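Read the structure below first, then the notes.
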Amino acid sequence: VRDTVGAGDSFTAALVVGRLRGDPLQAIARVACETAAAVCTYAGALPETPK
42 VRDTVGAGDS FTAALVVGRL RGDPLQAIAR VACETAAAVC TYAGALPETP K
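Using this note's numbering, read the sequence shown as starting at 42 and increasing by one per residue.
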């Protein structure tokens, strides 16, 4: 884990998308956790952008 900024927001976004699509709850939870975990691999709120 590099940084947890945005992990909750990304989890919630994935949860909402899954519910709106009517996906099974177990699949929604898996995708939401994977999304939040991926966000934790970056430092800060935004990935680095080229200058």
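Every residue gets a Cβ at the ideal spot worked out from N, C-alpha and C, and that includes glycine. Quick caveat: nothing in here was measured; it's all calculated off a predicted structure.
Here the alpha carbon of K92 sits roughly 21 Å from the alpha carbon of T82. Using a 10 angstroms sphere on the CB of A73, the tally of other CB atoms reaches 16 or more, which defines it as buried.
Judged by DSSP in its simplified three-state form, R43 adopts coil rather than helix or strand. With fewer than 16 other Cβ atoms from the protein chains shown falling within 10 Å of its own Cβ, A78 counts as exposed. V46 and A68 have their C-alpha atoms some 24 Å from each other.
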